[in-house]
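Residue numbers (the numbering used here), protein chains in the order written: chain E, 1 to 356; chain Y, 1001 to 1356; chain B, 2001 to 2356; chain H, 3001 to 3356. The beta carbon of each residue, even a glycine, is placed where N, CA and C say it ideally should be. In what follows, a single structure is set out as C-alpha cells and then discussed.
See below:
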C-alpha cells in the first residue's frame, strides 16, 4: 500500500523538528520534504541533531515546495494566514501549527493578537485540532489548526468539569501555567541565555496571555455557550521554570454545588476512559501522585489529576504534557491520524522515560 | 563592647546551618554553641561544607547545652513546644524557627497541625517574627517564632493590599507557590532522590497546606479582623520545581473597586519604601521584570512585584525570596537585630549573585 | 508466530524498569513476569510511572518465579553469582546485568571487587554482552553479562584505535567520565539528596574505579593480548555532574606514530560504518560538534567523536551514551536480539529527543 | 581616611558586574564610575539585577571616563592592548581582566591568540595577578593582568607539586576542566540558548585551549624553567556542563618517584596553610570529600584536593572555584588588596552557600 506524502514548512524550528521525527517513524507516511529558508541544502541533523543517521533528507528551499498529500505549517505566528491560499493549492489537507487559525471569531483574533486577520473567512472552516474535543470534525477537515500548548493543557484538564456543568461561573477561573524553555522557540535572545534562564522562576506573562482566548472559546463551546465564549473571568498566568520540555497547569475551579470525590472521579473517568492519550493520575502515595511533565517528555500523553477541597467547593485541577508533543507536534500527528481514519496512536507510542 | 552569646539547637539541618553561617559573620554576636544530637563532636563543616575553615567549633551534644543570651531553635515541627520551658530557662530570649509558635490560637493550631498544642498559654505571648509586620512587638519579645517560608512570601506580597483595604473578600484568594527542594529539609527520601526530584514540577500540596493558617492569621490582622482571621476563602497550592533555594508566590487578588496602576504603585511604595529588605520589582523591559528567586539566593531580600488587569479588577502579585534566608534563617537574624535594637541589616548585607 | 517469554528479576530498579519498558514494545517478546521482592503485588507503574496505562502486569514475588525463554537479572552486584545455577534452570538463556559475570579472570574479579567469585567456572563461559565486540559469541551464548555503563562508553570510543594498533602503550591512558545521577541507582541516600546532588560536579572515584577492570580486559583483547589484559597504565576517573541520564567519557590517547586526520577518520569509519547503534559525531560548526549525551536519552546510540592534536600525537576521544540504555538495558536488549538472530534494532528505534 | 576611587571599564558584562558588586561593599574603595558603551545612562541594576537598591550609580559613557586611583578593565580579549597607554594615563594602577597581558612572551601570545601583540614591551612589566604565586610583585605593580579562570584553577591545584619537583615531565600532563555557562560571557548565541545548553555535557575545546599557555608559563616558572615554559606535554580539554558558575579541574600527574600520602599531604599543607583563599579538601567520608564548585559560588575560595594511586605513581588533583570570583573578579580584588597592602580578605569574606 502506498504511504501518503507529507511535507513540513518551517522545518528548522523545534516544532518542525518534532513533526519530522514523528513522521520519519510513522508507518503510513513518507516524509517528502522539509522546507527551511535558512537551512536549505543542509541535512536535517544540522538543525535536529537527534535525527543524525536516520534520514538522508536535506532541507528544501521554499521555492522548491512541491505538491503533497498533507502539509504541516510550522511557521511563526502571523506568517501563515496571508499565504494560506497558496498552501492549500499544494495540498488537499493542511495542518497549521501557528496561532493563525485557532480562533473562530475574527474579532477575538484581533483583540488578542492586535491586528486584523488576513483570511477571516477561513476561521469558521478551520478545525481546532484537538481530537479529544473535535474528533468528528477532523475526519472531514481540510484545514486544521494546531493548538496552543498551554491552552491544550488547560482545556484537557478542565473539559470534563465544564462539559458536566459543574463550574460556578461567578467565581473567576484562575490558572497558573509552569512552562519549560522550549515553548519559547529555537531563537536565542537575552532571556533565553543560559546563565539568565537557568534556574529561573520567571513570571513572563502574569496577565493578558493570548492562550486565554483559546480557553474562552473552547470552554465556552463545552459549556454550551457556542461561539459567544465563556461567561466567566479567566485569570491566566504563565511562569517559566527550569525545564526544557513540559507544562504543568494548575487550575482553581469552584463548583456550583458541593461535590464529593466519588462524583468527581466519575466525571473524569467517563470523559477520558476511552481516550488513548489521556491518563488520570491521582494516587494517595508515592512520588508521582499527580501529573508530572518530566516523565512525559517525548510522549503524546496529557496526564490529568485533581484534588478536592470539599469545604471550599474548590477543585484544583492539574494537567501536564510535553509542549512539543501533545502541546504541538504530537497532537498534530494525532490529528493527522484522525483526518485519515487511522489508529490515533500510529507513530505516537513512545511512552516517555523514567528516571529522567 | 561585649558581643552577645548565641546558641543554635538543631544545628545540623539546613536552617541551623544558615543561622550558624550568618552568626559567624555577625559583628555583635559570638556563636557560642551549635547543638546536634546526631553530629555531636564533629566539626561544623561536616554538615555545612561551606563553613570549612571558618570556625573551629564542633557540634555539642544536647546534654551539654549551656546558658546563653539568645537561643535559636531549629528543630522539627512539634519538637519544641513540649520543651520550651526548659529552653527559656537557659536563655532570656528564644527564637523558635519551627511552626510550633506561629499561630496565636490553639484551636487554629489543632485544626491545621492535627494535635493539641502542648503550651497553649504561650501562643499569645510569642511574637510572629516578621519585622515588617511586628517590628514593635519584637523589641520587647522574649519568645519569637520564625515564620513559614511560603507564608512569609505570600504575606509580604499581599500585606499592602490588605492593609489598604483594597481586596474584595468575596472572591477567593488564589495563591500558587513554586518552591525549591531545600524547603523540604536535609533528610533524604524517595521524593528527594535526585533522579526523581530533578526537573520535577510536582504538586505536593494542592489543597490544605498548613501555611494557609499563617496567611489567614496575618492577613486577618492586617485587614482589621483581629484574631478571628481573614473572612475570605484562601486557596493555596504549592508546587515543587527544579530549584534548590527559592520561592515564588503568585497571588491573584480581585479588588473591590477599579484601581489604576498609579494608585497601586503608591500603595506598595508607601508600604515598603523604608523597609531595608523589600524591593519593588516591576520593569517594562529587560529579563528581570518581576521578582525572581534565583538572584536572591543567600540574600535576605523579599522582592515584590505586581501586574494589574484593569478590566478584570485583578491584581497578580508576585513575591520571591530565599526560603532559607528571608524565609527562615535570615529573617530570624533580622528579628534578632530588632530584639536587640541593632541596625536590622547587621550581618545580612550579602546582596545575592548574578548570574547564578 | 509465537513470541518468546521474557522475565525480569529485580524489576523495581532503574535498569529493570528500562528493560520492562523496552520489552513491552518489543515485537518478538512477551513480558511474562517482572519480579520484585519489595513491590510484589503492586502494578508496574508504582515503580515506573512512565508505564502507567501500558500494562496490567503486577510485580511478582521471587517465590513465584516461573520458567521462561530468557531471564534478565537486574539485581545488585554480588547478588547473582551465588544463585546463578538456579536461574539457569529456569531459563535456557540468562542475561545478567550486574557486574558478576563481566570479567573472565576470577583473580581479576577478586582484585577489583574485593572478594572471591562464587561461580568462577562460569566466568569463561559467560559472554561480555557488547555486540560490537562479541557479536558472534552472542549467537550461541546461554549466559550473557551486561556491561558497565562507563566501561561501555570508553571501550566503544577507543576500540577502533586499539584494534588498529595505533596506541602508544608506554603513555598512560587517561579517561575522565562525566556521569548522571541515575547511574547510582534508585536507592536514596545523603549524596543523592536533591539539594546536595543538584548542580554537583563531584569526583566520586578519582582512582581505582571498578570499571577499569573491564577496560583492561576488553582493550587487552582488542589489542591482541588475550586474557592477560592491557599492558598500559589505565588512569580512569569519574565525576558526577548535573544530569540524570547520560555519560560522556573523554579519553586521552597518544599514538605510536604521527597520524593525520584522514587516517583517523578511516579507522573510525571502517570500524563503525555497519554498526546500527554507533554514530561518528565530528562537525566543524554548529552546537553539536561532538557526542552529547543529552540528546541520547532513551536511545540506544553510542555517539563517538575525536579530535587530533597532530603535534602532540594526541587523540582526544569523546564517547557518549545513555547509561540506562546503551549502557545497560538497551544494550542488553540488543544482545538479546543477537542471541535470537533478530534484527539488532528491534525494539530499539527511538532516536532520542531534541531539544531536551 | 579617604577611600580610593576605582573605576570599571566594560562594566555591563559578568566580570564587570562582579567587580562592581565587590567594590560596592569594599571598605577601602569607592566605586567612582562604571563604564559601558551599550548601557550608558542606565542604572547598574539594568544589567546586574542583584544590585537593585544598592547603588544610585548609572553606567557612564566611555567618553566620560575620568581619572581615578585604580582602573579595572573588563573588556573582551584583544580590546585592551591597543588602548592600554591611554588607560594608564588615567590611573596609576590598572588591572586588566582580559587575556591581553597574561603571557610574558609576545611569541607565545602570537602562537595561542593568532595575532601579534600590540604592546609587546609591556608584557614583561605586567604582573600575572595570582597572589598565591606573585604576591611580592603585586605590591609594586602598576599593570596587573587578571588570570584565566580555568588556568587559575589548574595552576592552584598543581603548583605545590611542581614547586616541590615531584612531577615526571616525561609523562604528559592531562587536565580536564568542567565549566559552567557563565564562563562564556553575557552575550547570547546558539550554543548558549537554554534548550540547547541546558543539561549539556559539551566538549567545547578538546585540544588547543588558550589557557594552556598560562599553564605552560606559570608551571614552567614554578618548576624552575624561567620563561622558557614547561618542558612537558600539556593535554588540556574543556567540557561545558550544566552549571552557571563554577569550574572543576581534574588533573592527572605522574610522579618521578613513589610517594606516599603523608608526604603528599605535607607538600600541600606547606604550600597552602597560610593562604587565606585556598582550602585543602580531602575527606574519607561524607558527601563533600573533594572540591566541589557549587558551594563556592560567590566565594573567593579555591578548594584543592587530591587522591593518590600509589601503585601507578599517579596523583589525581582536583581543584574548584567560582570562575567569576577566584577565577576573575574576586581574584582581581584580592590582587587589588595586595597592591595597596591591605588585608587580602577585605571585601571577600562571603563563604558560599549550602545547600545551593
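If we call anything under 7 Å between Cβ atoms a contact, is residue 1983 of chain B one with residue 2151 of chain B? Look at the range of chain B in this structure, 2001 to 2356, and you will see that residue 1983 of chain B is not part of it.
Reduced DSSP category for residue 2207 of chain B - H, G, I as helix; E, B as strand; rest coil: For the purposes of this step, residue 2207 of chain B is identified with residue 207 of the third chain, where counting begins at 1. Coil at residue 2207 of chain B, not helix or strand.
Just by C-beta distance, which residues in the stretch 25-50 of chain E are closer than 7 Å to chain B? Answer set for the stretch 25-50 of chain E: 25, 46, 48, 49, 50.
To the nearest whole angstrom, what separates the beta carbons of residue 98 of chain E and residue 130 of chain E, a pair I think is in contact under 8 Å? Residue mapping note: residue 98 of chain E aligns to position 98 of the first chain, counting from 1. Residue mapping note: residue 130 of chain E aligns to position 130 of the first chain, counting from 1. Rounded, the Cβ-Cβ distance is 15 Å, inconsistent with contact.
Residue 107 of chain E, buried or exposed, once every other Cβ within 10 Å from all chains shown has been counted against 16: Stepping through the first chain from its first residue, residue 107 of chain E is reached at position 107. Exposed, because fewer than 16 other Cβ atoms sit within 10 Å of the Cβ of residue 107 of chain E.
If you reduce the DSSP assignment to three classes, tell me which class residue 1305 of chain Y lands in. Start at 1 with the first residue of the second chain, and residue 1305 of chain Y comes out as number 305. DSSP places residue 1305 of chain Y within a strand segment (E or B) once states are collapsed to three.
Measure the Cβ-Cβ separation of residue 3201 of chain H and residue 195 of chain E and say whether it is below 7 Å. Counted from its first residue, the fourth chain places residue 3201 of chain H at position 201. Counted from its first residue, the first chain places residue 195 of chain E at position 195. Taking the C-beta atoms as reference points, residue 195 of chain E is found no nearer than 7 Å to residue 3201 of chain H.
Counting beta carbon pairs with one atom in the stretch 3222-3242 of chain H and one in the stretch 223-242 of chain E, are three or more of them shorter than 8 Å? Fewer than three pairs of CB atoms, one per stretch, sit closer than 8 Å, so the stretch 223-242 of chain E makes no contact with the stretch 3222-3242 of chain H.
Could you tell me which chain B residues have their CB closer than 8 Å to the CB of residue 195 of chain E, listed as they occur along the chain? Here the question's residue 195 of chain E lines up with position 195 in the first chain. Within 8 Å Cβ-Cβ: nothing; residue 195 of chain E doesn't reach chain B, min ~13 Å.
Residue span of the alpha helix (DSSP H) that contains residue 3223 of chain H, given as start and end: Counted from its first residue, the fourth chain places residue 3223 of chain H at position 223. In the DSSP assignment, residue 3223 of chain H falls outside any alpha helix (DSSP H) and carries neither an H nor an E.
From residue 3022 of chain H to residue 2058 of chain B, what distance separates their C-alpha atoms? Numbered from its first residue, the fourth chain carries residue 3022 of chain H at position 22. Numbered from its first residue, the third chain carries residue 2058 of chain B at position 58. Cα-Cα distance, rounded: 59 Å.
For the beta strand (DSSP E) containing residue 196 of chain E, name the first residue and the last one. Within the first chain, residue 196 of chain E is the residue found at index 196, counting from 1. From DSSP, residue 196 of chain E is part of no beta strand (DSSP E) but of the alpha helix (DSSP H) over 194-197.
Return the bridge partner residues of residue 2034 of chain B from the DSSP annotation. Translated into the one-based positions of the third chain, residue 2034 of chain B becomes position 34. For residue 2034 of chain B, which the question treats as bridged, DSSP gives the partners B/2008.
Quick check on the DSSP output: what are the complete alpha helix (DSSP H) runs of length 4 or more inside the stretch 39-127 of chain E, in order along the chain? Within the stretch 39-127 of chain E, complete alpha helix (DSSP H) segments of at least 4 residues are found at 84-90, 106-113, 121-125, given in chain order.
Residue 2202 of chain B bridges to which residues according to DSSP? Here residue 2202 of chain B corresponds to residue number 202 of the third chain, with the count starting at 1. Residue 2202 of chain B is bridged to B/2240.
When the Cβ atoms of the stretch 2240-2259 of chain B are set against those of the stretch 2316-2331 of chain B, are three or more pairs found closer than 8 Å? Three or more Cβ pairs drawn from the stretch 2240-2259 of chain B and the stretch 2316-2331 of chain B lie within less than 8 Å of each other, which places the two stretches in contact.
Just list the residues that DSSP pairs residue 3250 of chain H with in beta bridges. Translated into the one-based positions of the fourth chain, residue 3250 of chain H becomes position 250. In DSSP, residue 3250 of chain H forms a bridge with H/3176, H/3318.
I'd like to know whether the C-beta of residue 300 of chain E is nearer than 7 Å to at least one C-beta of chain H. Position 300 of the first chain, counting from 1, holds the residue named residue 300 of chain E. Output row for residue 300 of chain E: interface = no.
Leaving out the 5 sequence neighbours to the left and right, which residues in its chain are closer than 7 Å to residue 2164 of chain B when beta-carbon positions are compared? Residue mapping note: residue 2164 of chain B aligns to position 164 of the third chain, counting from 1. For residue 2164 of chain B, where only same-chain residues beyond five positions count, the Cβ hits under 7 Å are 2267.
Using a Cβ-Cβ distance under 7 Å, would residue 1293 of chain Y count as near chain E? Counting from one through the second chain, the residue named residue 1293 of chain Y turns up at place 293. Answer yes: the Cβ-Cβ gap between residue 1293 of chain Y and chain E drops below 7 Å somewhere.
Compare the Cα-Cα distances from residue 2061 of chain B to each of B/2296, B/2078, B/2045, B/2035 and report the closest residue. The residue given as residue 2061 of chain B occupies position 61 in the third chain. Of the candidates B/2296, B/2078, B/2045, B/2035, the one whose C-alpha sits nearest the C-alpha of residue 2061 of chain B is B/2035.
Going by other Cβ atoms of all chains shown within 10 Å of its Cβ, with 16 needed for buried, is residue 18 of chain E buried or exposed? The residue labelled residue 18 of chain E in the question sits at position 18 within the first chain. Here residue 18 of chain E is buried. Its C-beta has 16 or more other C-beta atoms within 10 Å.
Just how far apart, CA to CA, sit residue 2160 of chain B and residue 2240 of chain B? Position 160 of the third chain, counted from the start, is the residue given in the question as residue 2160 of chain B. Position 240 of the third chain, counted from the start, is the residue given in the question as residue 2240 of chain B. Whole-angstrom Cα-Cα distance: 27 Å.
Nearest-angstrom Cα distance between residue 2024 of chain B and residue 2030 of chain B? Residue 2024 of chain B sits at position 24 when you count from the first residue of the third chain. Residue 2030 of chain B sits at position 30 when you count from the first residue of the third chain. Residue 2024 of chain B and residue 2030 of chain B: Cα-Cα distance of roughly 7 Å.
Which residues of chain Y have a Cβ atom closer than 7 Å to the Cβ of residue 3297 of chain H, listed in chain order? Residue mapping note: residue 3297 of chain H aligns to position 297 of the fourth chain, counting from 1. Those are 1353, 1356, listed as they occur along chain Y.
When you compare each of H/3186, H/3199, H/3192 to residue 3014 of chain H by their alpha carbons, which one comes out closest? For the purposes of this step, residue 3014 of chain H is taken as residue 14 along the fourth chain, with counting starting at 1. Of the candidates H/3186, H/3199, H/3192, the one whose C-alpha sits nearest the C-alpha of residue 3014 of chain H is H/3186.
Hey, could you find the ends of the beta strand (DSSP E) residue 144 of chain E is sitting in? As a first step, residue 144 of chain E is located in the first chain; it is residue number 144 there, counting from the start. Start and end: 143-145.
Mind reading off the beta-carbon distance from residue 1072 of chain Y to residue 3350 of chain H? Whole number of angstroms is fine, and I expect it under 8 Å. Sequence index remark: in the second chain, residue 1072 of chain Y carries index 72 (1-based). Sequence index remark: in the fourth chain, residue 3350 of chain H carries index 350 (1-based). Actually they do not touch by this definition, with Cβ atoms about 21 Å apart.
Residues, ordered as in the chain, of the stretch 3049-3068 of chain H that lie near chain Y by beta-carbon distance below 8 Å: If the cut-off is 8 Å between Cβ atoms, the stretch 3049-3068 of chain H has 3049, 3050, 3051, 3052, 3053, 3054 near chain Y.
Any beta-carbon of chain H closer than 7 Å to the one on residue 2170 of chain B? Locating residue 2170 of chain B in the third chain gives position 170, counting from the first residue. Residue 2170 of chain B does not count as touching chain H.
Would you please verify whether the beta carbon of residue 2120 of chain B is less than 7 Å from any beta carbon of chain H? Locating residue 2120 of chain B in the third chain gives position 120, counting from the first residue. False, the Cβ-Cβ gap to chain H never drops below 7 Å.
Could you check which residue in B/2354, B/2081, B/2341 has the C-alpha nearest to that of residue 2297 of chain B? Your numbering for residue 2297 of chain B matches position 297 in the third chain. The residue with the shortest Cα to Cα distance from residue 2297 of chain B is B/2354.
Would residue 3288 of chain H count as contacting chain Y if we go by Cβ distances under 7 Å? Mapped onto the fourth chain, residue 3288 of chain H falls at position 288. So, interface residue.
Could you confirm whether any beta carbon from chain E is found closer than 7 Å to the beta carbon of residue 2944 of chain H? Past the boundaries of the shown model lies residue 2944 of chain H; chain H is included only from 3001 to 3356, so the question cannot be answered.
Run the CB neighbour count on residue 1077 of chain Y, radius 10 Å, all protein chains shown included, and call it buried at 16 or more, exposed below. Taking the first residue of the second chain as position 1, residue 1077 of chain Y is located at position 77. Under a 10 Å Cβ-count criterion, residue 1077 of chain Y is classified as exposed, with fewer than 16 other Cβ atoms of the shown protein chains found around its own Cβ.
So which residues of chain H does residue 1072 of chain Y contact, with C-beta pairs closer than 7 Å? Sequence index remark: in the second chain, residue 1072 of chain Y carries index 72 (1-based). When 7 Å is used as the limit between beta carbons, residue 1072 of chain Y is near no residue of chain H, the shortest such separation being about 17 Å.
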